[in-house]
Each structure stands twice: as C-alpha cells, then as structure tokens.
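All the letters of the sequence shown, read from the start, carry residue numbers 0 to 85 under numbering that gives the first Met the number 0. Ideal placement from N, C-alpha and C gives every residue a C-beta, glycine not left out.
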Amino acid sequence: MHAEGKSISLFEKTAFQKRQSVGRWGLGAMFRNDEGQILVAATWKVFGFHDSEIVEACAIYHSVWLAAECCFTQVLFEIECINIIR
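Spelled out as structure tokens, the structure:
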C-alpha cells in the first residue's frame, strides 16, 4: 500500500505486431510510488485493432481499471499520445 498523500505514477507502453493483416498488440503498465519503487505491473494482449491511438486508449482504460482494483487514489498518468491527451 502507499501512504496517504503520496502520488503514484503510471508508465504504460504499447507494442504492435502485425501478422496476416490482423493487428496484435501487447500492452503494459507499471505503477511506481514517488520513490520510484514498482508497486504493480501488468500486461495485456489486444487483437484486431489497426489504429495505434485506439490501442493507446485501450492501454489507458486497462491501466485505470488496474489502478482502481489496487485502490490507488492519486495517480499521475504519463501519456505520450497527444491525441489521447486532448
């Protein structure tokens, strides 16, 4: 668990592998405390998407769900995709 008032940051990453015109994506998320220690990490597989922005949105969705499951209440999201941020 994390101390009250401390923030947790999320690092999420997506990787794409295309095989026979079927999108196959690997998603990953890692939550760290304010000291940089890893609190939880997870990976997911997503199939059938060809748009990287949709997959980025899926990664964020899974990450928010994981944060809620872990009862993290103060999370900073580090997101590289500008269209998702808007």
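query                                                                                                                                                                : result
By the DSSP assignment, the beta strand (DSSP E) with ILE37 in it spans what residues?                                                                               : 37-46
May I ask you to list the residues that DSSP assigns as paired with TRP64?                                                                                           : Answer is none; TRP64 lacks a bridge partner.
By Cβ distance, which residues of its chain are closer than 6 Å to ALA40, with the 5 residues on each side in sequence left out?                                     : MET29
Could you tell me which of LEU75, ILE81, PHE48 sits nearest to GLY35, measuring between CA atoms?                                                                    : LEU75
Output yes or no for whether 9 Å exceeds the beta carbon distance between ARG31 and SER8.                                                                            : yes
Which value, in whole angstroms, describes the spacing of the CA atoms of ASP50 and LEU38?                                                                           : 30 Å
Which residues in the same chain as ALA66 place their Cβ atom closer than 6 Å to its Cβ, once the five residues preceding and following it in sequence are excluded? : VAL74
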